[in-house]
Amino acid sequence: MTQVPVLLDKNFGAGTTAADRAEADRRRDEWNAARTSEQSRSFWSATFRRFLSNRVGVVAAVIVLLLVLGAIFAPWITSADPLLGKPTERLQNLGASGHLLGTDEQGRDMLARVLYGGRLSLLAGFVPTLGAALIGTTIGVTAGILRGVVGTALMRTMDMLYAFPAILLAIAVGASLGPGLTNTIIAVTIVFIPPVARVAESATRRVVVQEFVEAARLSGAGRLRVARSQVLPNVLNDVIVYASSLVGVAMIIAASLSFLGLGSAPPAPEWGYMLNSLRGMVSVAPLVAIVPGFFIFLTSVAFNLASDALREAMDSRL
Amino acid sequence: MDDKGKELLELLGVSKTFHVRAGGRRARLSAVDAVSLSVRQGRTLGIVGESGCGKSTLARVIVGLHLTDDGEMIFDGKQVLTHRRRSTDEFKQMQMVFQDPSSALNPRATISESIGFPLQVQGASKAAIDERVATVMSDVGLPASYASRYPHQLSGGQRQRVNIARALALQPKLVVLDEAVSALDKSIQAQVLNLLTDLQEEYGLTYVFISHDLNVVRYISDDVAVMYLGQVVERGSAQELYDNPKHPYTQLLLSSVPTLDPTESTRDEPIDDSSTKDSEIPSPIDPPSGCRFRTRCPFAMDICAELAPAQIHLGEGRSVACHLYSESEVQAVPA
């Protein structure tokens, strides 16, 4: 038998005898204890720290947070009524007394309408994204694990829906369901399920061939257990990153549906509806007319930037 | 232990074919063809061969990750049904250590979660799991503080130790090591191999060690089987096989091992005459007729293309599948 050479390396000079190895382990433990920075760090706390180092992402996330808080605490921020207005005060400009963002064509305070409307629009942004993430992930992971006939059938159905342009599909579903916020949410959810399913399925296919999934099967775990404990946590990464970029899109689609009269019914202050109703007043009070559009734009951009930063933070070599 | 030396695992005529798409057509890939092996309790069987010879498929067949198309398996005196999914108890007896330390560990699970998962599946209590994880981590030489770390915080050698720990968590009798040290640096390989031999002694484990690295196999194995294109071409004790290889393929393999001793070098007189023979391994989708090695064999005869050679037993666990040898020859040659 050939002698195997022993090299001193980051294994602390561990040799070939048990005593040597115990000594090497003791040295390694000492070294680990001395390096306080190398503490055990969970995935989420490491991601959070990386996210914080991205200034653009942090600013975007703060803007999103302010918008959400503003929508939730609207009654405490302004005492004006978003639904009733004084026609004598219609179309006042920004900064008019008592009306920070002016008034709309019926004299309703714009700030109040934007804040209360934020509730509707943010709901229309978050709920479909969450719903599509849950349903789409289930479909995608199932298709990725089962493959064969079932997987193909699922994914080709998703492809059929995905082939429609998003806004057209949303209009079609929204028109057939009728007006109202709930129907808008359902329509947008349906529009988002296929792309999420595609992301989930491709991530599943990538994960499922890794050896740790085989190793999990070796313990006697059934397919469902393996899917839940090994595959899903690794797929969620990709899904979360993709879904977070959909929130802004959801809001825009909901606003478009409202704009076309398919969303929330008046006098609900949904931003898209407000954009439509102020459209004709652009020549009279241009700054007021673009307020709802500005907020749609701001929320969408902030969400996109925040989700980009999230993707970068989650992506660092794990 | 008077159990030592009795056969723990016996494979009889095990075959596995895959259905693949080759060049647009559907074809059958014969990955493992009528393999018969045995491993004695407490010993190490080394399996060597080139890439594509079916070693990894065989490893997965033994452990139950692939279902066989044909053949039988007897483990610890009981027959194991290999054409059906194994039971939880059967999985407990045989475990596997995988080749790539990185992809063999779930990046989203801590070390203790990875090691404890098999125990969780088998329904152990949390306290029992924690205790067993701590025991097995100290067995493989990992400090307890690593339990809450993630794989990306560990080095390659440490990750492979985690893989070994996970394989040992259920206290199996047989551990299949599929190229378990191939992805490690030479110095780390040495440590891990020594760890494996220590564990074998301490727990009376039986190993099936699969590798393409002949030096490593020689170091760790008691018995060796040589595979080519899904078939076992030669078997015997490690000492005998390396000192006196009988099958032309074994001779070819051993002559191509780089050696530090210049007097042993065969670089300037290669055995295979590459001008007339293929030097590439044929495809397992369409293997050569008769003896699968004949396209590269310097001693190929006419009969090699017509008839596949049977295993010829030369006594004491030694066998070779080659037309150069025959049963009658065995009697004539002194042991």
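Residue numbers (my numbering), protein chains in the order written: chain A, 1 to 318; chain B, 319 to 653.
We put the CB at the ideal spot given by N, CA and C, even for glycine.
Review point. Residues in the region 214-228 of chain A with C-beta within 8 Å of chain B's C-beta atoms, listed in sequence order?
Key: Glu-214, Ala-215, Ala-216, Arg-217, Leu-218, Ser-219, Gly-220, Ala-221, Arg-225
**Study point:** Residues sharing a beta bridge with Leu-347/B, DSSP
**Key:** For the purposes of this step, residue 347/B is identified with residue 29 of the second sequence, where counting begins at 1. BP columns for Leu-347/B point to Phe-336/B.
Review point. Which residues of chain A have a Cβ atom closer than 9 Å to the Cβ of Arg-344/B, listed in chain order?
Key: Stepping through the second sequence from its first residue, residue 344/B is reached at position 26. Under the 9 Å cutoff, chain A gives no residues; its nearest Cβ is about 15 Å from Arg-344/B.
Exercise for review: Pull up the distance between the alpha-carbon of Asp-540/B and that of Arg-147/A, whole angstroms please.
Suggested key: The count along the second sequence starts at 1 and reaches residue 540/B at position 222. The count along the first sequence starts at 1 and reaches residue 147/A at position 147. Roughly 42 Å between the two C-alpha positions.
Exercise for review: Counting only the same chain and skipping the five closest in sequence on each side, list residues whose C-beta sits under 6 Å from that of Glu-634/B.
Suggested key: In the second sequence, counting from the first residue as 1, residue 634/B sits at position 316. Excluding residues within five positions, none has a Cβ falling inside 6 Å.
**Study point:** Whole-angstrom distance between Ser-466/B and Gln-39/A, CA atom to CA atom
**Key:** Counting from one through the first sequence, the residue named residue 39/A turns up at place 39. Counting from one through the second sequence, the residue named residue 466/B turns up at place 148. Any answer about Gln-39/A is weak, because its pLDDT of 47 lies below 50 and its placement is not dependable; what the coordinates show is given next. Each residue's Cα considered, the two are about 10 Å apart.
Review point. What in chain B is Cβ-close to Pro-233/A, meaning under 7 Å?
Key: Position 233 of the first sequence, counted from the start, is the residue given in the question as residue 233/A. Simply Arg-426.
Practice item. Note down, in chain order, every chain A residue with its Cβ under 7 Å from the Cβ of Thr-406/B. Key: In the second sequence, residue 406/B corresponds to position 88, counting from 1. By Cβ distance, chain A contributes Gly-220.
Exercise for review: Compare the C-beta of Glu-312/A against all C-beta atoms of chain B and say whether one is closer than 8 Å.
Suggested key: The sequence position of residue 312/A within the first sequence is 312, counting from 1. Answer no: the Cβ-Cβ gap between Glu-312/A and chain B never drops below 8 Å.
Check your understanding: Given Gln-507/B, which residues of its chain have a CB within under 8 Å of its CB, disregarding the five upstream and five downstream residues?
Key -> Residue mapping note: residue 507/B aligns to position 189 of the second sequence, counting from 1. Contacts found: Val-499, Val-534.
Practice item. Decide if Ile-621/B is buried, meaning its Cβ has at least 16 other Cβ atoms within 10 Å, or exposed. Key: Mapped onto the second sequence, residue 621/B falls at position 303. Under this definition Ile-621/B is an exposed residue.
Check your understanding: Alpha carbon to alpha carbon, how far is Ala-313/A from Ala-46/A?
Key -> In the first sequence, the residue the question calls residue 313/A occupies position 313. In the first sequence, the residue the question calls residue 46/A occupies position 46. Straight-line Cα distance between these residues: approximately 8 Å.
Review point. Is it buried or exposed for Ser-44/A, if we count other Cβ within 10 angstroms and need 16 for buried?
Key: For the purposes of this step, residue 44/A is taken as residue 44 along the first sequence, with counting starting at 1. Before going on, a small fix: residue 44/A reads as Trp here, not Ser. Result: exposed.
Check your understanding: Under 8 Å between the Cβ atoms of Phe-106/A and Gly-136/A?
Key -> Counting from 1 along the first sequence, the entry for residue 106/A is found at position 106. Counting from 1 along the first sequence, the entry for residue 136/A is found at position 136. Here residue 106/A turns out to be Gln, not Phe, going by the sequence shown. No, the pair does not count as a contact, with Cβ atoms beyond the cut-off.
Review point. When every heavy atom of the ligand NAP is checked, does at least one fall within less than 7 Å of the C-beta of Thr-129/A?
Key: Among the ligands in the structure shown, none appear at all, so the ligand NAP cannot be discussed.
Point to revise | Pair within 8 Å by beta-carbon distance, Leu-120/A and Ser-264/A | key: In the first sequence, counting from the first residue as 1, residue 120/A sits at position 120. In the first sequence, counting from the first residue as 1, residue 264/A sits at position 264. Closer than 8 Å, so yes.
Exercise for review: For Leu-423/B, decide whether its Cβ has a neighbour in chain A, counting only Cβ atoms nearer than 8 Å.
Suggested key: What you label residue 423/B is simply residue 105 of the second sequence in a count that begins at 1. Cβ-Cβ to chain A under 8 Å: yes for Leu-423/B.
**Study point:** Endpoints, alpha helix (DSSP H) assigned at Arg-553/B
**Key:** Taking the second sequence and counting its residues from 1, one reaches residue 553/B at position 235. No alpha helix (DSSP H) contains Arg-553/B, which is instead part of the beta strand (DSSP E) from 549-555.
**Study point:** Same chain, Cβ closer than 7 Å to Tyr-643/B, five either side skipped, listed in chain order
**Key:** By 1-based counting over the second sequence, the position of residue 643/B is 325. For Tyr-643/B, where only same-chain residues beyond five positions count, the Cβ hits under 7 Å are Lys-564, Ile-630.
**Study point:** Beta-carbon proximity list for Ser-369/B, same chain, < 7 Å, skipping 5 on both sides
**Key:** Stepping through the second sequence from its first residue, residue 369/B is reached at position 51. Taken in chain order, the residues that qualify are His-530.
Point to revise | Neighbour list for Phe-212/A in chain B, Cβ cutoff strictly below 7 Å | key: For the purposes of this step, residue 212/A is taken as the residue at position 212 of the first sequence. Result: Ser-421, Ala-422, Leu-423, Asn-424.
Point to revise | Residues bridged to Leu-413/B [DSSP beta-bridge criterion] | key: Position 95 of the second sequence, counted from the start, is the residue given in the question as residue 413/B. The sequence shown places Gln at residue 413/B, not Leu. Val-493/B, per the DSSP bridge assignment.
**Study point:** Residue-chain proximity (Gln-106/A, chain B), Cβ-Cβ < 8 Å
**Key:** Looking up residue 106/A in the first sequence gives position 106. No - not a single Cβ of chain B is within 8 Å of the one on Gln-106/A.
Check your understanding: Going by beta carbon distance, what residues of the same chain come within less than 6 Å of Val-550/B, once the five residues before and after it are set aside?
Key -> Residue numbering aside, residue 550/B sits at position 232 when the second sequence is read from its first letter. If we look at Val-550/B and ignore the five residues flanking it on each side, its Cβ neighbours are Val-353, Ala-543.
Review point. What separation, rounded to the nearest whole angstrom, lies between the Cα atoms of Leu-572/B and Leu-330/B?
Key: Here the question's residue 572/B lines up with position 254 in the second sequence. Here the question's residue 330/B lines up with position 12 in the second sequence. For Leu-572/B and Leu-330/B, the distance between alpha carbons rounds to 27 Å.
Exercise for review: Step through the CB atoms of chain B and report whether any lies within less than 8 Å of the CB of Gln-230/A.
Suggested key: Numbered from 1 along the first sequence, position 230 holds the residue referred to as residue 230/A. Gln-230/A counts as touching chain B.
Practice item. Look up Ser-601/B in the DSSP assignment and say whether it is helix, strand or coil. Key: The sequence position of residue 601/B within the second sequence is 283, counting from 1. DSSP places Ser-601/B in coil when its eight states are reduced to three.
Review point. Given that Phe-409/B touches chain A, what residues does it touch there, using C-beta distances under 8 Å?
Key: The count along the second sequence starts at 1 and reaches residue 409/B at position 91. Chain A residues near Phe-409/B: Leu-218, Ser-219, Gly-220.
Check your understanding: Are Leu-326/B and Arg-358/B close, meaning C-beta to C-beta below 8 Å?
Key -> Residue numbering aside, residue 326/B sits at position 8 when the second sequence is read from its first letter. Residue numbering aside, residue 358/B sits at position 40 when the second sequence is read from its first letter. Yes, the Cβ-Cβ distance between Leu-326/B and Arg-358/B is below 8 Å.
Point to revise | Per DSSP, the bridge partner or partners of Ser-637/B | key: What you label residue 637/B is simply residue 319 of the second sequence in a count that begins at 1. According to DSSP, which records beta bridges pairwise, Ser-637/B is partnered with Arg-553/B, His-631/B.
Review point. Applying the criterion that 16 or more other CB atoms from any shown protein chain within 10 Å of the CB defines a buried residue, is Pro-652/B buried or exposed?
Key: Counting from 1 along the second sequence, the entry for residue 652/B is found at position 334. Low local confidence applies: a pLDDT of 44 at Pro-652/B is under 50, so the model's placement there is unreliable, with the coordinate-based value given in what follows. Counting Cβ neighbours within 10 Å, Pro-652/B comes out exposed, since fewer than 16 surround it.
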